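J.: Chains as they are written, first to last, in this note's numbering: chain A, 60 to 214; chain B, 60 to 214; chain C, 60 to 214; chain D, 60 to 214.
No residue lacks a Cβ here, since even glycine has one placed at the ideal position from N, Cα and C.
All of these numbers come straight from a predicted model, not from anything done at the bench.
There are 4 protein chains.
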Amino acid sequence: MTPTPKRFDPRDPSYEARVRASFARQRAMHTIGARLVRVEPGEVEIELPFRDDLTQQHGFLHAGIVTTIVDSACGYAALSLMDNESAVLSVEYKVNLLAPATGDVMRAVGRVIKTGRTLLVCTGDVMAITGPTETHVTAMQATMMAVRGRPDLVD
Amino acid sequence: MTPTPKRFDPRDPSYEARVRASFARQRAMHTIGARLVRVEPGEVEIELPFRDDLTQQHGFLHAGIVTTIVDSACGYAALSLMDNESAVLSVEYKVNLLAPATGDVMRAVGRVIKTGRTLLVCTGDVMAITGPTETHVTAMQATMMAVRGRPDLVD
Amino acid sequence: MTPTPKRFDPRDPSYEARVRASFARQRAMHTIGARLVRVEPGEVEIELPFRDDLTQQHGFLHAGIVTTIVDSACGYAALSLMDNESAVLSVEYKVNLLAPATGDVMRAVGRVIKTGRTLLVCTGDVMAITGPTETHVTAMQATMMAVRGRPDLVD
Amino acid sequence: MTPTPKRFDPRDPSYEARVRASFARQRAMHTIGARLVRVEPGEVEIELPFRDDLTQQHGFLHAGIVTTIVDSACGYAALSLMDNESAVLSVEYKVNLLAPATGDVMRAVGRVIKTGRTLLVCTGDVMAITGPTETHVTAMQATMMAVRGRPDLVD
């Protein structure tokens, strides 16, 4: 009934190195303290330890900060399936905030659900982890774009 | 043809002080360097000067960071119309990324387009400003919720 | 990593009868020829046989028609978990169109991913079925609302 | 503050005839009784008289039917700005349902807010009209795609 999660063959065997190098250039990730945990073809995981200086007025992580890590997870899930001459740009995303983003660590997973030459569609989820407890705090549905012929955009 | 922008009467005459106090508690805003520029009933403006440490891999502001300020602008536009016993939570938002977020300053404006007892719908826009030039970089459509009877959530 | 699909206990043991009765009152479903295939707690399936008079300019089913069935599937997935004094309203949804909606039958499945007293969040998928082939044509992420104390809204 | 509505120069002087011919091929529009009211560069208006056989369980127009007309309005707003060798496809949309869709006529207006070679971003609104009263019932934010080199897709 539910579409079976897909397995993708990467076009570029060095997809992981390419994703890791691009992530290292995302200075926002470094600033907020996010780390790239896992890179598979079409699926990427990013973690963000909770930090008080990233909260909104109620002491939860700001929705925009949570969006930041799951957008990167989806974007890099898309990039992992592109050839090595493409850069990735976020076209749009939709985020539902399911529960307050509080806990020890936020774990964002982005997955490609549809590939295309130009557009890739992804879903993303963020789990808040506190000890053995995982709470689903955010769901994303996103469109990513493969940009070619733009040497100024390096990924 | 287009719905005329609405004028709203605030339920709470001290709406501006309430929004400003809540914004001051959003530590994420302080961390990224955003400032609350303008508070009107149903419309709020937040500015973010460009900072290299908030960029993605191509040197533009990370989409999630831009989302952070326009989510706060929409949320506070909603809060400005609530009574003084309500807190605001983001239910969901959708963001289209129209152009690279680069320039001197990002200016986010959130506006309420529909009020309700529990849910308020907002649109948000982010303009990138460089000297006299303004570029429309992001459009948001968002749902905000008025939460009552939760003294642990202070706004 | 991915949130495990949830099993929900219905609050109202007669959830299926209630959903089926409400579906029967959706005259739009009858007009387009959709049928309610399956009702489980938090998951509902609707099928729509292809019809030429529901197409867009390229001969595919119109995206809005596909949205119609997956919106109903998500709404009834939510209603199946509500008490018998609540009506369901769609608050908002986001739809990605992954592939042309063409085939013998469109099968829409809506699933609740988060319950709450007032708001429920759902995901929906539409598969185009032609013989043994299933193609994922549409993905939805939606917010549904439980409306109480409105005897004029009967579900 | 708010981005000024844009004026666009059409690439193809026969944009209106092209949009009208494509609309005439959307059999779903004919089936539900929608009519194309106005075509300008980057802005298109479609009306749908209320019909009982298009309602959901509470007697309002089904959200998916309302989505159908505003999706077409946005899609044709995009097509009006394309060259005469492009077809338009809906990539994704997000819809907020602001008020029950009831009244004499639903008027959907789609407007392009950002053009690009491949992707165009639109906003759409639906007003329910009953005598002199207009109620804003739906807001859409959508991405449309220009498809070239596909003679099987005629617009």
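What residue range does the beta strand (DSSP E) around Thr194 (chain B) cover?
T.: Note, Thr194 (chain B): beta strand (DSSP E), Thr192 to Arg207.
J.: Distance check for Leu140 (chain D) and Lys153 (chain A), CA to CA, integer angstroms please.
T.: In a straight line, the C-alpha of Lys153 (chain A) is about 26 Å away from that of Leu140 (chain D).
J.: Relative to the C-alpha of Arg17 (chain C), which residue among C:Val164, C:His117 and C:Leu95 is closest?
T.: In this structure chain C extends from 60 to 214, so residue 17 (chain C) is not present and cannot be described.
J.: What residues from chain D crowd round Lys153 (chain A), counting only those whose CB sits closer than 8 Å?
T.: Residues of chain D passing the Cβ test: Lys153.
J.: In angstroms with no decimal places, state the Cα-to-Cα distance between Gly134 (chain B) and Cys181 (chain B).
T.: Each residue's alpha carbon lies about 8 Å from the other.
J.: Would the segment 154-162 of chain A and the segment 186-203 of chain A be scored as touching if the rule is three or more Cβ pairs under 8 Å?
T.: With the cut-off at 8 Å, the segment 154-162 of chain A and the segment 186-203 of chain A touch.
J.: Should Gly101 (chain C) go down as buried or exposed, given a rule of 16 or more other Cβ atoms within 10 Å for buried?
T.: It is buried - the Cβ of Gly101 (chain C) has at least 16 other Cβ atoms within 10 Å.
J.: Would you verify that the beta carbon of Val150 (chain D) is, or is not, closer than 8 Å to some beta carbon of chain A?
T.: Closer than 8 Å to some Cβ of chain A, the Cβ of Val150 (chain D) qualifies, so yes.
J.: Just how far apart, CA to CA, sit Asp130 (chain B) and Thr189 (chain C)?
T.: Approximately 42 Å, taken between the alpha carbons.
J.: For His121 (chain D) and chain C, any beta-carbon pair shorter than 8 Å?
T.: Yes, its Cβ sits closer than 8 Å to a Cβ of chain C.
J.: In this structure, how does DSSP classify Arg170 (chain B) when only helix, strand and coil are distinguished?
T.: It is a strand residue.
J.: Compare the C-alpha of Tyr87 (chain A) against each of B:Leu212, B:Asp71, B:Thr127 and B:Val171 and name the closest.
T.: The residue you asked about is not Tyr; residue 87 (chain A) is Ala in the sequence shown. Of the candidates B:Leu212, B:Asp71, B:Thr127 and B:Val171, the one whose C-alpha sits nearest the C-alpha of Ala87 (chain A) is B:Thr127.
J.: Specify, as a first and last residue, the run of the beta strand (DSSP E) that Val146 (chain C) falls within.
T.: The sequence given here places Ala at residue 146 (chain C); Val does not occur at that position. Note, Ala146 (chain C): beta strand (DSSP E), Ser145 to Leu156.
J.: What three-state label does DSSP hand Leu113 (chain B) in the structure shown?
T.: Residue state, collapsed to three classes: helix.
J.: Could you have a look at Asp130 (chain B) and say whether DSSP puts it in helix, strand or coil?
T.: Helix, per DSSP.
J.: How big is the Cα-Cα spacing for Asp214 (chain B) and Gly118 (chain A)?
T.: The straight-line gap from Cα to Cα measures roughly 11 Å.
J.: Tell whether a beta-carbon distance below 8 Å holds between Pro62 (chain C) and Asp184 (chain A).
T.: Result yes, Cβ atoms of Pro62 (chain C) and Asp184 (chain A) sit closer than 8 Å.
J.: Where in the segment 68-115 of chain C do unbroken runs of the beta strand (DSSP E), each at least 3 residues long, occur, reported from the N-terminal end onward?
T.: The segment 68-115 of chain C contains these whole beta strand (DSSP E) runs: 94-99 and 102-108.
J.: Between the C-alpha atoms of Ser73 (chain B) and Arg84 (chain A), what's the straight-line distance to the nearest angstrom?
T.: Between Ser73 (chain B) and Arg84 (chain A), the C-alpha separation is close to 44 Å.
J.: Would Met203 (chain A) pass as a contact of Val168 (chain A) if the rule is Cβ separation under 8 Å?
T.: Result no, Cβ atoms of Met203 (chain A) and Val168 (chain A) do not sit closer than 8 Å.
J.: Using a Cβ-Cβ cutoff of 7 Å, what residues of the segment 153-186 of chain C are near chain B? List them in chain order.
T.: Listed by position along the chain: Lys153, Thr177 and Leu178.
J.: May I ask which residues mark the beginning and end of the beta strand (DSSP E) holding Val180 (chain A)?
T.: Per DSSP, Val180 (chain A) belongs to the beta strand (DSSP E) from Leu178 to Thr189.
J.: Name, in chain order, the residues that DSSP records as bridge partners for Val213 (chain A).
T.: For Val213 (chain A), which the question treats as bridged, DSSP gives no partner whatsoever.
J.: Let me know if Met60 (chain D) comes out buried or exposed under the rule of 16 or more other beta-carbons within 10 Å of its beta-carbon.
T.: Because Met60 (chain D) sits at a pLDDT of 46, beneath the cut-off of 50, its placement in the model cannot be relied upon, and the following sentence gives the value as read from the coordinates. With fewer than 16 other Cβ atoms within 10 Å, it is exposed.
J.: Distance cutoff 8 Å, beta carbons only. Does Ala198 (chain B) sit that close to anything in chain D?
T.: Yes, contact with chain D.
J.: Any beta-carbon of chain B closer than 8 Å to the one on His117 (chain A)?
T.: By this cut-off, His117 (chain A) is an interface position.
J.: May I ask you to report which of helix, strand or coil DSSP gives Leu138 (chain C)?
T.: If DSSP states are grouped into helix, strand and coil, Leu138 (chain C) belongs with the helices.
J.: How many Å lie between Glu99 (chain C) and Leu179 (chain C) at the Cα?
T.: Computed Cα separation, rounded: 16 Å.
J.: Between Gly92 (chain A) and Pro108 (chain A), what straight-line distance do the alpha-carbon atoms span, to the nearest angstrom?
T.: Gly92 (chain A) and Pro108 (chain A): Cα-Cα distance of roughly 7 Å.
J.: Considering only the alpha carbon of each residue, which of A:Arg70, A:Arg66 and A:Arg94 lies closest to Arg79 (chain A)?
T.: Minimum Cα distance to Arg79 (chain A) is reached at A:Arg94.
J.: What are the partner residues of Val164 (chain B), as DSSP defines its beta bridges?
T.: Answer is B:Pro108 and B:Ile188, bridged to Val164 (chain B).
J.: Give me the Cα-Cα distance between Arg97 (chain D) and Ala76 (chain D), rounded to the nearest whole angstrom.
T.: Each residue's alpha carbon lies about 11 Å from the other.
J.: Could you check the C-alpha separation between Pro69 (chain D) and Ala187 (chain D) for me, to the nearest Å?
T.: Pro69 (chain D) and Ala187 (chain D): Cα-Cα distance of roughly 29 Å.
J.: What residue from B:Thr161, B:Ala136, B:Phe82 and B:Val206 has the CA that sits closest to Asp112 (chain B)'s CA?
T.: That would be B:Thr161, whose Cα lies nearest to the Cα of Asp112 (chain B).
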